[in-house]
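All remarks here apply to the structure that follows.
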């Protein structure tokens, strides 16, 4: 029996190939830039799950959301 995650990745690869999508830059500089942008946005999303705004009323930290 194939692992579900492997199956999902395989289907996604097939869809990407079928649609001829070039999602990622080919050259190193643009790859680094794209990955840095993604990391920064993910970090901001994670920060928003915390009480970083000291002037606001604190809320309980939702570990599942983080």
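Numbering (this note's numbering), first residue to last: 826 to 891.
Each residue gets a CB set at the ideal place from its N, CA and C atoms; glycine is no exception.
Nothing here was measured: the structure is a model prediction, and the numbers come from that model.
For residue 890 against residue 874, the beta-carbon gap comes to about 5 Å, under 8 Å, which counts as contact.
Looking at the backbone, the Cα of residue 843 and that of residue 864 are separated by about 28 Å. If you look at residue 829, you'll find it in the alpha helix (DSSP H) that goes 829–844. For residue 856, the uninterrupted alpha helix (DSSP H) segment begins and ends at 853–872.
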